[in-house]
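J.: Before we start, here is the structure in question, set down as structure tokens.
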Amino acid sequence: MRMQNKCAVITGAASGIGARAAVRLAAEGAKCFLMDVNAEGLDATKKQIEQAGGSAVACACDVSDEEAVRAAIEQAAAVFSRIDILVNVAGVQVTKLLTDTTKGDYDRMMDINVGGTFLTMRYVLPLMKAQGSGAIVNCASELAFVGYHELAVYTATKGAMVSLTRSVALEAIPFGVRVNCVCPGATDTPIFWEGETDPDKRRKLLDQVAVEKPIGRLITTDEVANGILFLASDEASGVVGASLIIDGGFTAQ
Ligand SMILES: NC(=O)c1ccc[n+]([C@@H]2O[C@H](COP(=O)([O-])OP(=O)(O)OC[C@H]3O[C@@H](n4cnc5c(N)ncnc54)[C@H](O)[C@@H]3O)[C@@H](O)[C@H]2O)c1
13 MRMQNKCAVI
23 TGAASGIGAR
33 AAVRLAAEGA
43 KCFLMDVNAE
53 GLDATKKQIE
63 QAGGSAVACA
73 CDVSDEEAVR
83 AAIEQAAAVF
93 SRIDILVNVA
103 GVQVTKLLTD
113 TTKGDYDRMM
123 DINVGGTFLT
133 MRYVLPLMKA
143 QGSGAIVNCA
153 SELAFVGYHE
163 LAVYTATKGA
173 MVSLTRSVAL
183 EAIPFGVRVN
193 CVCPGATDTP
203 IFWEGETDPD
213 KRRKLLDQVA
223 VEKPIGRLIT
233 TDEVANGILF
243 LASDEASGVV
253 GASLIIDGGF
263 TAQ
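Below you can see the structure in the form of structure tokens.
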């Protein structure tokens, strides 16, 4: 098992990419500390990990709340006595024209996507620096590299996450800590579907994906988790400040 004896903190672990990354890290032997605002979803991920024989602690936490993040990381460090891996997946997307986007929408996306990633790194990095090892994987997006209709602020948060990743990587690597990010394309999770339940509208969305994306389909959460596991593992020992694009060719066009 690739992650034997490793202790991992995963945000956004109640759903989608974060939940899948946590389950996969646990299956590789990591002890997982799961953070998310969705307590019910966290319990489901924890149960899934435990039923497969893994180990997990659930911590309901809003990653945009500094005091909550500080306390959660303190708890993770106390439970595990070390943190080897931090995976920042918690995120939100508000799909609107810029002219319809409110300052509240802007603050929410910035505070959770960029701010949450900043805060968890702010409190985990000193521990990793002190232990002289660690791997941080942030979840940006293919939309860090291209513009997209009705997603101006969301794309800006993802661009900021790529920049944050690069600069923190430079600060961390002298201490043996690697910081990288994955940049998924449209992935089959609730954020992509945005609550759409109508089968006809869902089919239209898939048709649009088939036209827009060279791979012709949605990316799976396992495909993104594969990238996260690689960057978190010692197999990526030479990879620092990188953006691993997992988008089925969208940004290659
Ligand atoms: N699905 C896609 O198409 C896609 C593509 C590229 C990037 N991403 C990114 O992947 C990440 C994960 O999204 P997903 O696709 O798994 O969607 P998702 O909605 O299934 O997961 C997002 C998770 O973040 C949690 N979250 C939201 N606000 C939070 C907060 N303040 N504090 C803690 N947790 C919070 C949610 O409760 C949820 O569990 C996001 O950062 C998203 O921007 C998704």
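Here the sequence shown stands for residues 13 to 265, where the numbers follow this note's numbering.
Ideal Cβ positions, reconstructed from N, Cα and C, are used throughout, including at glycine.
On a predicted model such as this, the values are computed, not experimentally measured, just so you know.
(1) Given a threshold of 16 other Cβ atoms within 10 Å of its Cβ, counted over all protein chains shown, does residue 185 qualify as buried or as exposed?
(2) Can you check which of these residues, 39, 52, 262, is closest to residue 64 by C-alpha distance?
(3) Spell out a yes or no on whether the stretch 141-151 and the stretch 178-198 are touching, meaning 3 or more CB-CB pairs, one atom from each, closer than 8 Å.
(4) Would you call the stretch 17-27 and the stretch 47-59 touching, i.e. three or more CB-CB distances under 8 Å?
(5) Would you say residue 209 and residue 164 are within 9 Å of each other, going by their C-beta atoms?
(6) Taking only the alpha-carbon atoms, compute the straight-line gap between residue 229 and residue 256 and give it to the nearest angstrom.
(7) Within the stretch 87-113, note down every full beta strand (DSSP E) run reaching 3 residues or more, in order along the chain.
(8) So does the stretch 51-59 actually touch the stretch 74-94, counting three or more Cβ pairs closer than 8 Å?
(9) Tell me which residues share the same chain as residue 89 and place their Cβ nearer than 8 Å to its Cβ, disregarding the 5 neighbours each side in the sequence.
(10) Do residue 153 and residue 133 come within 9 Å of each other at the CB atom, strictly closer than that value?
(11) Compute the Euclidean distance between the alpha carbons of residue 115 and residue 41, then round it to the nearest angstrom.
(12) Among 264, 193, 233, whose alpha-carbon lies nearest the alpha-carbon of residue 302?
(13) Can you give the beta carbon distance from residue 97 to residue 18, rounded, assuming they're within the 8 Å contact cut?
(14) Beta carbon of residue 197, beta carbon of residue 246: below 9 Å?
(15) Could you pull the start and end residues of the alpha helix (DSSP H) that residue 181 belongs to?
(16) Can you tell me whether residue 21 sits near ligand 1, meaning its C-beta is under 8 Å from at least one heavy atom of the ligand?
(17) Does DSSP put residue 61 in a helix, in a strand, or in coil?
(18) Excluding five sequence neighbours on each side, which residues of the same chain lie with their C-beta closer than 8 Å to the C-beta of residue 62?
(19) Report whether the distance from the Cβ of residue 204 to the nearest heavy atom of ligand 1 is below 8 Å.
(20) In angstroms with no decimal places, state the Cα-to-Cα distance between residue 269 and residue 217.
(21) Within 10 Å of its beta-carbon, does residue 235 have 16 or more other beta-carbons around it, so buried, or fewer, so exposed?
(22) Please determine, among 220, 44, 168, the residue with the shortest C-alpha to C-alpha distance to residue 91.
(23) Taking only three categories from DSSP, how would you classify residue 18?
T.: With the given structure in hand:
(1) Here the question's residue 185 lines up with position 173 in the sequence shown. Around the beta carbon of residue 185, fewer than 16 other beta carbons sit within 10 angstroms, so the residue counts as exposed.
(2) For the purposes of this step, residue 64 is identified with residue 52 of the sequence shown, where counting begins at 1. Looking at 39, 52, 262, the one whose alpha-carbon comes closest to that of residue 64 is 39.
(3) Put simply, the stretch 141-151 touches the stretch 178-198. At least three CB pairs are less than 8 Å apart.
(4) Three or more Cβ pairs drawn from the stretch 17-27 and the stretch 47-59 lie within less than 8 Å of each other, which places the two stretches in contact.
(5) Taking the first residue of the sequence shown as 1, we reach residue 209 at position 197. Taking the first residue of the sequence shown as 1, we reach residue 164 at position 152. No. Outside cutoff.
(6) The count along the sequence shown starts at 1 and reaches residue 229 at position 217. The count along the sequence shown starts at 1 and reaches residue 256 at position 244. Residue 229 and residue 256 have their C-alpha atoms roughly 19 Å apart.
(7) For the beta strand (DSSP E) assignment, the uninterrupted runs of no fewer than 3 residues enclosed by the stretch 87-113 are, from N- to C-terminal side, 97-100.
(8) The stretch 51-59 vs the stretch 74-94: no contact.
(9) As a position in the sequence shown, residue 89 is number 77, starting the count at 1. Same-chain partners within the cutoff: 95, 139.
(10) Taking the first residue of the sequence shown as position 1, residue 133 is located at position 121. Taking the first residue of the sequence shown as position 1, residue 153 is located at position 141. Between residue 133 and residue 153, the C-beta gap is not smaller than 9 Å, which leaves the two residues out of contact.
(11) By one-based count along the sequence shown, residue 115 stands at place 103. By one-based count along the sequence shown, residue 41 stands at place 29. Each residue's Cα considered, the two are about 43 Å apart.
(12) The requested residue 302 is not part of the displayed model; the chain covers only 13 to 265.
(13) Residue 97 sits at position 85 when you count from the first residue of the sequence shown. Residue 18 sits at position 6 when you count from the first residue of the sequence shown. Right, their Cβ atoms sit about 6 Å apart.
(14) Position 185 of the sequence shown, counted from the start, is the residue given in the question as residue 197. Position 234 of the sequence shown, counted from the start, is the residue given in the question as residue 246. If you check the CB distance, residue 197 and residue 246 do not come in under 9 Å.
(15) Taking the first residue of the sequence shown as position 1, residue 181 is located at position 169. Start and end: 164-184.
(16) On the sequence shown, residue 21 is found 9 positions in, with the first residue counted as 1. No, the beta carbon of residue 21 sits no closer than 8 Å to any heavy atom of ligand 1.
(17) Within the sequence shown, numbered from 1, the residue matching residue 61 stands at position 49. Note: residue 61 maps to helix in three-state DSSP.
(18) On the sequence shown, position 50 is the one that residue 62 refers to. Same-chain partners within the cutoff: 68.
(19) Within the sequence shown, residue 204 is the residue found at index 192, counting from 1. The answer is yes for residue 204.
(20) Residue 269 falls outside the range modelled here, since the chain spans only 13 to 265, and no answer is possible.
(21) For the purposes of this step, residue 235 is identified with residue 223 of the sequence shown, where counting begins at 1. So residue 235 counts as buried.
(22) Along the sequence shown, one-based indexing puts residue 91 at 79. When the alpha-carbon of residue 91 is set against those of 220, 44, 168, the nearest one is in 44.
(23) In the sequence shown, counting from the first residue as 1, residue 18 sits at position 6. The DSSP-derived three-state label of residue 18 is coil.
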